[in-house]
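Just below is one structure, and these are the notes that go with it.
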Amino acid sequence: MLGDKALELIKQLQRCDYLNPIQDEVMKQVFEEMKVLFEENQADVNASRGGDSQYHSAIQLRHAVLLRNRRCILAYLFNRLQMIRDIRWGFGAILPPDVRSCLSESEVNWFTSYSRNIVNYMSAIGGSGLDLFTNMQPPKSLFIQVRCLCDYGDFETSDGNTVVLTKNSTHFLQRTDCEKLIHQGVLEHITV
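Read in the numbering used here, the sequence shown has 130 at position 130, and its numbers run on one by one without any break.
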């Protein structure tokens, strides 16, 4: 029946939450069906130019199937790219071997290009760049309790207050104020 193979692609996407191998054979069958429908439409359009309207219904039906098949193919490919994009943000720039085996060559090229674009974007922001992968989840609280690991001296917070950071002292500070010092090893986050 018309459009069954295209619908099979969409059903395959709905069945599972993970990335399956690309369905090249099914996509080729859909493209072949679309080619045949287009050629039949072209022949009927040429035959109906003389004013014969008996072909109009068949032309409209085949055209609707062509549009539906195209939408199904585009939806299938778009959803695969969304999954690949999510894999990039979840696993980083290196594709796991089991995922790589499920991708076509053009999808691997897209993944590589997407990764390169992310790296270029992150390095272009600010003087030393911005790492978009550090805080993927929003903080649970704005203030955190921290312990000073070394004598640091005076530290001015974003609200203008000055805090003296001495070794083993604990403080309740805004997360944004002390994140840099945590990464430098001056402070450590105390979990209660």
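Beta carbons are placed, not taken as given, at the ideal position from N, Cα and C, and that holds for glycine.
Where the beta strand (DSSP E) containing residue i begins and where it ends
{"i": "VAL146", "result": "143–148"}
{"i": "GLN174", "result": "170–174"}
{"i": "THR112", "result": "Here THR112 belongs to no beta strand (DSSP E); instead the alpha helix (DSSP H) covers 105–124."}
{"i": "ASP154", "result": "153–156"}
{"i": "VAL164", "result": "162–165"}
{"i": "LEU187", "result": "187–189"}
Residue-chain proximity (residue i, chain C), Cβ-Cβ < 8 Å
{"i": "ASN168", "result": "Although the question refers to chain C, the structure presented lacks it and comprises just one protein chain."}
Beta carbon of residue i nearer than 8 Å to that of residue j
{"i": "GLU188", "j": "ARG147", "result": "yes"}
{"i": "ARG68", "j": "ALA6", "result": "yes"}
{"i": "LEU19", "j": "CYS72", "result": "no"}
{"i": "GLN23", "j": "GLN14", "result": "no"}
{"i": "SER158", "j": "THR134", "result": "no"}
{"i": "LEU66", "j": "LEU95", "result": "no"}
{"i": "TYR152", "j": "VAL99", "result": "no"}
Where residue i falls, given that 16 or more other Cβ within 10 Å makes a residue buried
{"i": "LEU165", "result": "buried"}
{"i": "MET1", "result": "exposed"}
{"i": "HIS171", "result": "buried"}
{"i": "GLU107", "result": "buried"}
{"i": "TYR76", "result": "buried"}
{"i": "ILE125", "result": "exposed"}
{"i": "VAL45", "result": "exposed"}
{"i": "LEU9", "result": "buried"}
{"i": "ILE84", "result": "buried"}
{"i": "ARG70", "result": "exposed"}
{"i": "VAL119", "result": "exposed"}
{"i": "ARG49", "result": "exposed"}
{"i": "ARG88", "result": "buried"}
{"i": "LEU130", "result": "exposed"}
{"i": "LEU173", "result": "buried"}
Start and end residues, alpha helix (DSSP H) containing residue i
{"i": "GLY90", "result": "56–91"}
{"i": "GLN29", "result": "24–47"}
{"i": "ILE94", "result": "From DSSP, ILE94 is part of no alpha helix (DSSP H); its letter is neither H nor E."}
{"i": "ASP4", "result": "4–15"}
Margin query: Contact between the region 137–156 and the region 112–124 is defined here as three or more beta-carbon pairs at a separation below 8 Å; is this criterion met?
Written below: no
Segment contact flag, the region 30–45 with the region 56–68, C-beta cutoff 8 Å, min 3 pairs: yes
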